[in-house]
Amino acid sequence: MVPICMDPRIREHAEVIVDHSIDLSEGDNLVIDAHPQASDLVTALHEFAADRGANPLVVQNRLGERFRRAYLRNRDEFETPSHIEALYEEMDAYIAIKGSDNVTETSDVDPETTAAYQQSQQPLLNERLSKTWCLTQYPAPANAQLAQTSTEGYENFVWDAVLKDWDAVREHQAQMVEILDPAEEVRIVSGETTDVTMSIAGNETLNDYGEKNLPGGEVFTAPVSDSVEGEVLFDKPLYHQGREVTDVFLRFEDGEVVEHSAAKNEDLLTEVLSTDDGASRLGELGIGMNRDIDQFSYNMLFDEKMGDTVHMAVGRAYDETVGEDNEQNESAVHVDMIVDMSEDSFIEVDGEVVQRNGTFVFEDGFEA
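Mapped onto my numbering, the consecutive letters of the sequence shown carry residue numbers 3 to 370.
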């Protein structure tokens, strides 16, 4: 391999993706969906693809915000593009690399238009998720600005989170998987604003240690869709479609959102919940365990992994988390929202407290 001059951490990042996240092999057809800001990482991936004997192709279907904005602002009816679906059917592995030169590029697209577009893309999402895939981040300046840090500081933040001992992460998080996997019911309580229970009986808890998402750092499962009861105040902001939504409040009955509000951009939240029948139900419960992600960055790929947090996603449940005897929640959306669990909070599993104020039962300092 003849390397091109670049920050050595970029090549390390590419190597983690190729060898740890997707295990790229000779003859694999690889699709790389990347923003132009990530060109150095795409270049490094091509070096490794050549070395492994794989066949890379770069597209900007999912992550070309400027192109997508132009398309969505000039059309309001959509169909699933068969040529893209055919490409995904033929690929063996898929890498999506986030990065932006304008994080608010799609903020003036009508949410109803976006919802209709997402519904048309559902078969593409299904096909992508059926293959080996990895979603990661390139530390672009616009993302640094959104995180309210310098470009150099954001580079350090991203690569410190990505370039880890993922075997050690897997072993640490496996302790929480062992608690949740056989469990029947989970209760999340935070202050006086969040008290929600849900069944996870029969569903599988997955250990995210940097394979499908890079960085990893969470364990997650799917609630039984009609079991969710109670209220949640998501006290960390949500950044969606180029807009900030704050203080999202959801109240559930029989698994469905029956009341919702937000302090800012409530109309966007309403559109998300109205996307389809599954968008007003939970598709995921996740517990953040990566304490190296130590600052909120308005980037859900990182923020949902933060230690001392819990996140819940309305919309689609991941196939792998749903047991064969349970019904999968289907939706064109999957929107994560975060609760801070660092103070005045606990997670209860089958009546036993397993985390209090961010400390797990298997860690020093835990108080039942």
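Glycine included, C-beta positions come from ideal geometry on N, C-alpha and C.
If you draw a straight line from the C-alpha of Gln123 to the C-alpha of Phe159, how long is it? One-based indexing of the sequence shown puts residue 123 at position 121. One-based indexing of the sequence shown puts residue 159 at position 157. Cα to Cα, the separation comes out at about 32 Å.
If contact is defined by three or more beta carbon pairs under 8 Å, each pair taking one atom from either stretch, is the segment 350-368 in contact with the segment 185-193? yes
For Arg75, which residues from the same chain have a beta carbon less than 7 Å from its beta carbon, with the 5 sequence-adjacent residues on both sides left out? Counted from its first residue, the sequence shown places residue 75 at position 73. The answer, listed in chain order, is Val111.
Jot down the residue ranges of each uninterrupted alpha helix (DSSP H) in the segment 249-296, minimum 4 residues, whole runs only, in chain order. 268-275
Identity of the residues DSSP links to Ala224 by a beta bridge: As a working mapping, residue 224 is identified with position 222 in the sequence shown. In DSSP, Ala224 forms no bridge with anything.
Can you give the Cα-Cα distance for Gln330 and Tyr320, rounded to whole angstroms? Here residue 330 corresponds to residue number 328 of the sequence shown, with the count starting at 1. Here residue 320 corresponds to residue number 318 of the sequence shown, with the count starting at 1. Cα-Cα distance, rounded: 8 Å.
Buried versus exposed, by CB contacts within 10 Å (16 or more), Ala265: Counting from one through the sequence shown, the residue named residue 265 turns up at place 263. Under this definition Ala265 is an exposed residue.
Between which residues of its own chain and Asp310 is the CB-CB distance below 6 Å, once the five residues before and five after are set aside? Here residue 310 refers to the residue found at position 308 of the sequence shown. Only Met343, Ser344, Gly360 meet the Cβ criterion.
Measure the Cβ-Cβ separation of Pro372 and Asn301 and say whether it is below 8 Å. Absent from the model: residue 372. The displayed extent of the chain is 3 to 370, so no value can be given.
Where does Ala281 land, buried or exposed, given buried means 16+ other C-beta within 10 angstroms? Within the sequence shown, residue 281 is the residue found at index 279, counting from 1. Classification for Ala281: buried.
Supposed contact pair Ser23 and Glu213 - C-beta distance, whole angstroms, cut 8 Å: Position 211 of the sequence shown, counted from the start, is the residue given in the question as residue 213. Position 21 of the sequence shown, counted from the start, is the residue given in the question as residue 23. That pair is a contact at about 5 Å.
Cα-Cα separation, Gly285 to Cys7: Translated into positions along the sequence shown, residue 285 becomes position 283. Translated into positions along the sequence shown, residue 7 becomes position 5. Rounded to the nearest angstrom, the two C-alpha atoms are 43 Å apart.
According to DSSP, what are the bridge partners of Phe236? Taking the sequence shown and counting its residues from 1, the one referred to as residue 236 is at position 234. According to DSSP, which records beta bridges pairwise, Phe236 is partnered with Val250.
Assuming Asn328 and Gly204 form a contact by the criterion Cβ under 8 Å, report the distance between their Cβ atoms to the nearest whole angstrom. Here the question's residue 328 lines up with position 326 in the sequence shown. Here the question's residue 204 lines up with position 202 in the sequence shown. Going by Cβ atoms, the distance from Asn328 to Gly204 rounds to 5 Å, so yes, they are a contact pair.
Under 8 Å, do Glu365 and Ile289 count as touching if we go by C-beta distance? Here residue 365 refers to the residue found at position 363 when the sequence shown is read from its first residue. Here residue 289 refers to the residue found at position 287 when the sequence shown is read from its first residue. Not closer than 8 Å, so no.
May I ask which residues mark the beginning and end of the alpha helix (DSSP H) holding Glu365? Within the sequence shown, the letter at position 363 stands for residue 365. No alpha helix (DSSP H) contains Glu365, which DSSP labels as neither H nor E.
Just to confirm the assignment: which complete alpha helix (DSSP H) runs, minimum length 4, are found wholly within the segment 7-48? 10-17
Would you say the segment 129-140 touches the segment 98-105, given that touching needs at least three Cβ pairs under 8 Å? yes
In the structure shown, what three-state DSSP assignment does Glu326 receive? As a position in the sequence shown, residue 326 is number 324, starting the count at 1. Coil, per DSSP.
Delimiting residues of the alpha helix (DSSP H) encompassing Pro379: This structure cannot speak to residue 379, because the chain is shown only from 3 to 370.
Between Asn57 and Val105, is the Cβ-Cβ spacing less than 8 Å? For the purposes of this step, residue 57 is identified with residue 55 of the sequence shown, where counting begins at 1. For the purposes of this step, residue 105 is identified with residue 103 of the sequence shown, where counting begins at 1. Cβ distance not < 8 Å, so Asn57 and Val105 don't count as in contact.
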